[in-house]
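In our numbering, the protein residues as written are 5 to 370.
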Amino acid sequence: MTNQLTAPFRYDHVGSFLRPKALKEARTKFQNNEITYDELKKVEDEEIIRLINKEKEAGVLAITDGEFRRSWWHFDFLGGLEGMEYYEKEHGLNFHNLETRKEGVRVVGKIDFGNHPFLDHFKFIREHAGDSTVKFTIPSPNMLHARADKNSDVYQDEKELIEDTIKAYQKAIQAFYDAGCRYLQLDDTSWASLFSEESRAKLVAEGKDPQQFLNTLQYVINETTKNKPADMTITMHICRGNYKSTFFSSGGYNYAAEVIFGGLNVDGLFLEFDDERSGSFEVLKHVNRPDLKIVLGLITSKFGELENKDAIKARIQEAAKYVSLDQLCLSPQCGFSSTEDGNILEEENQWQKLALVKEIAEEVWG
């Protein structure tokens with residue numbers, strides 16, 4: 005059993021990091037028209053370079069920019085697509101005992117991928133990461149058709165919206181590849197709409213059939229990735245929500261398990277397994293490909309208290325009852341700062357968490 009040197013890595017992470025004080029202050033000043041965009045970008049550049057160096061010092065194998073240029077993990081990318089618009093809503097999303105900021109994205113024209121600013125964001129990381137592997141994260145295409153607000157004047161037929169979304173993402177994948185990206189992650193919360201009876205009932209109330217919704221999620225991912233270059237790794241992170249250390253939904257993977265573990269054209273799955281909301285490891289019995297890497301999110305990113313190392317190692321062995329230990333990896337269950345607000349922990353805590361992931365992985369896989 006060895007610590008493989010290809011992505012996803014034995015010890016990996018989801019991607020986002022807590023925003024440093026200097027960056028938060030600069031973003032606030034920019035929003036208040038106290039500094040220019042160029043002045044904000046200068047701070048972003050400095051803090052991202054500092055983060056990259058810190059990641060290297062900590063032994064992180066997948067280098068990211070911590071999503072420091074983003075306000076949200078998904079809206080910034082989606083709002084940058086042609087045919088999409090970032091806007092202020094009347095209400096935010098209702099997380100557990102908390103409402104998010106009142107912002108969102110909506111369809112205002114035909115969806116396409118053009119000169120997206122995220123391409124330059126990737127190039128900057130690659131320029132400063134040296135020989136390290138760069139991991140770039142974007143929201144899954146499912147986040148557009150399943151979560152964005154629609155304009156029926158633009159797309160009267162949802163199937164047309166889905167097909168345009170797939171084409172736009174196929175272009176995006178090729179564009180990131182051409183820019184040098186070899187490790188791309190699709191972040192996706194739409195699957196969580198299927199994980200509990202309550203969430204499936206909400207789908208029905210919206211006029212959606214849960215089984216058809218599941219089929220569509222699978223179709224979109226598989227069509228999006230079907231032409232990906234052979235030497236490009238594409239993983240998916242399935243999340244139940246992460247906003248200021250709260251969550252959006254609960255429930256195990258059971259309803260969608262056969263599709264998630266046996267029917268998706270991705271190279272790895274980052275999965276939340278950090279508490280009882282995620283269900284049991286038994287769903288891993290549906291893994292039917294020896295090349296599919298399962299990244300167990302056993303370390304919470306929501307709070308700073310460190311997990312018991314032996315308890316985490318025991319859980320890895322429990323998961324190995326259903327899928328080969330050689331297919332398993334370890335990471336925090338989500339990013340530390342899916343939005344610029346960040347989770348309720350200190351910067352030191354996130355590095356302690358990553359150090360724990362690395363230590364456990366090295367002891368389990370050698």
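All C-beta atoms, glycine included, are put in the ideal place defined by N, C-alpha and C.
- Judged by their CB atoms, alanine 133 and isoleucine 56 are nearer to each other than the 8 Å cut-off.
- Here the stretch 280-295 does not lie against the stretch 18-38, with fewer than 3 beta-carbon pairs under 8 Å apart.
- Going by DSSP, leucine 85 is part of no alpha helix (DSSP H) at all; its letter is neither H nor E.
- Under the DSSP assignment, histidine 125 falls in the alpha helix (DSSP H) whose first and last residues are 121-133.
- Residue Leu27 holds the alpha-carbon nearest to the alpha-carbon of arginine 74 among Leu27, Met88 and Phe180.
- In this structure, the alpha-carbon of methionine 236 lies about 7 Å from that of cysteine 185.
- According to DSSP, glutamine 189 shares a beta bridge with Thr141 and Thr239.
- In this structure, lysine 297 keeps its C-beta atom at 8 Å or more from the C-beta atom of proline 121.
- Contact between the stretch 35-55 and the stretch 328-338 is absent: fewer than 3 CB-CB pairs across the two stretches fall below 8 Å.
- Distance check between serine 284 and each of Tyr257, Lys306, Phe307 and Thr304 places Tyr257 closest, using alpha-carbon atoms only.
- Take the alpha-carbon of valine 263 and the one of glutamine 222: they are about 7 Å apart.
- Using a 10 angstroms sphere on the CB of valine 208, the tally of other CB atoms stays under 16, which defines it as exposed.
- With a 10 Å radius around the Cβ and a threshold of 16 neighbouring Cβ atoms, serine 342 comes out buried.
- Exclusion of the five residues before and after glutamate 29 leaves no residue of its chain whose Cβ lies closer than 6 Å to its Cβ.
- Residue burial is scored here from C-beta neighbours: proline 233 has fewer than 16 other C-beta atoms within 10 angstroms and is therefore classed as exposed.
- Under the three-state reduction of DSSP, phenylalanine 307 is assigned to strand.
- With respect to glutamine 189, lysine 139 sits close: the two C-beta atoms are nearer than 8 Å.
- With respect to isoleucine 67, threonine 141 sits apart: the two C-beta atoms are not nearer than 8 Å.
- Residue pairing of threonine 343 in beta bridges, as defined by DSSP: Trp76.
- Apart from the 5 residues on each side of it in sequence, alanine 323 sits with its Cβ closer than 7 Å to the Cβ of Phe285, Leu288, Leu300 and Leu332 in its chain, given in chain order.
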